[in-house]
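Those sequence lines, one after another, are chains A and C. Here the first sequence stands for residues 33 to 141, numbered as in my numbering. Here the second sequence stands for residues 26 to 140, numbered as in my numbering. Below is one structure, written out as structure tokens; comments come after it.
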Amino acid sequence: KNQVEQSPQSLIILEGKNCTLQCNYTVSPFSNLRWYKQDTGRGPVSLTIMTFSENTKSNGRYTATLDADTKQSSLHITASQLSDSASYICVVNDNDMRFGAGTRLTVKP
Amino acid sequence: NAGVTQTPKFQVLKTGQSMTLQCAQDMNHNSMYWYRQDPGMGLRLIYYSASEGTTDKGEVPNGYNVSRLNKREFSLRLESAAPSQTSVYFCASSEARLPPRNEQFFGPGTRLTVL
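Printed below as a string of structure tokens:
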């Protein structure tokens, strides 16, 4: 069983709408949790990083939250744009990087 | 700075053929990694090199070999390709192997099909 589970697998929203992606993990303890964005045909690029003691981190229209008690993280995207269409990958880092399978987001005009 | 570069971008092989995937980074990073990405699965680590001169197996090393040629370059070799090795391969690098300096930077990937 994967130690990092993401939901939903895929999501379609209209441009300008908000959305929230979920990440549940069993890795414990860990050093940090990252969200990566992966455009089609490209490698993943880091969006946010949170340490165990942080519970929120923003990067422009992207806001990540972390609840270490329930072992959940979320990525909230505000006022979505067409360029937000991508896969979003949750990665929990102990001494290895534990990758979720990703959520495929499609933003339609 | 080009970051992490990979060649080739695409490759089609027949079962039993061999090939080498090349990776280079220009960020003076110590650690380098090879992953494969399959539909519906997270990135899985094949091999990594924590520092120049060392290599170690990851989660799925069978059927692969690696060479850390120098600090910049880390290659992945398939000696006898199998259809199960059809995948997208990513190379990554990081300043260090362990936190807090282990943020990984990824290359653009190589899409490999084995017939």
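Where is the CB? At the ideal position from N, CA and C, for every residue including glycine.
Contact between C/Q62 and C/G88 does not hold, since their C-beta atoms are separated by about 16 Å, which reaches or exceeds 8 Å. Bridge pairing for A/E37: A/N56 [DSSP]. A/K69 and A/S112 do not touch by the CB rule: their CB atoms are close to 13 Å apart, not below 8 Å. Just so you know, the alpha carbons of C/G41 and A/L79 end up roughly 39 Å apart. C/F35 and A/W67 have their C-alpha atoms some 27 Å from each other.
For C/Q47, the closest of C/R69, C/S92 and C/G78 by C-alpha to C-alpha distance is C/S92. The DSSP-derived three-state label of C/D81 is strand. Boundaries of the beta strand (DSSP E) harbouring A/Q70: N64 to Q70, taken from the DSSP string. Residue range A118 to N125 is occupied by the beta strand (DSSP E) that includes A/N125.
Here the C-alpha atom of A/I109 lies approximately 33 Å from the C-alpha atom of C/A49. Cβ-Cβ distances below 6 Å link C/G78 to nothing in the same chain once the five nearest sequence neighbours on each side are left out. Taking 8 Å as the Cβ-Cβ cut-off, the segment 84 to 118 of chain C approaches chain A at F115 and A117, given in chain order. By alpha-carbon distance to C/D51, the top candidate from C/V29, C/T45, C/Y58 and C/S105 is C/V29. Interface annotation, C/L46: not in contact with chain A, CB-CB separation never under 7 Å.
In the DSSP assignment, A/N91 falls within the unbroken beta strand (DSSP E) covering T88 to N91. In this chain, the beta strand (DSSP E) harbouring A/F131 covers M129 to F131. Inter-residue distance for C/R69 and A/N125 is about 14 Å (C-alpha atoms, whole angstroms).
Its chain contains S100 and R102 as the residues whose beta carbon lies nearer than 6 Å to that of C/T45, once the 5 sequence neighbours on both sides are disregarded; these appear in chain order. For C/N90, the enclosing beta strand (DSSP E) begins and ends at Y89 to R93.
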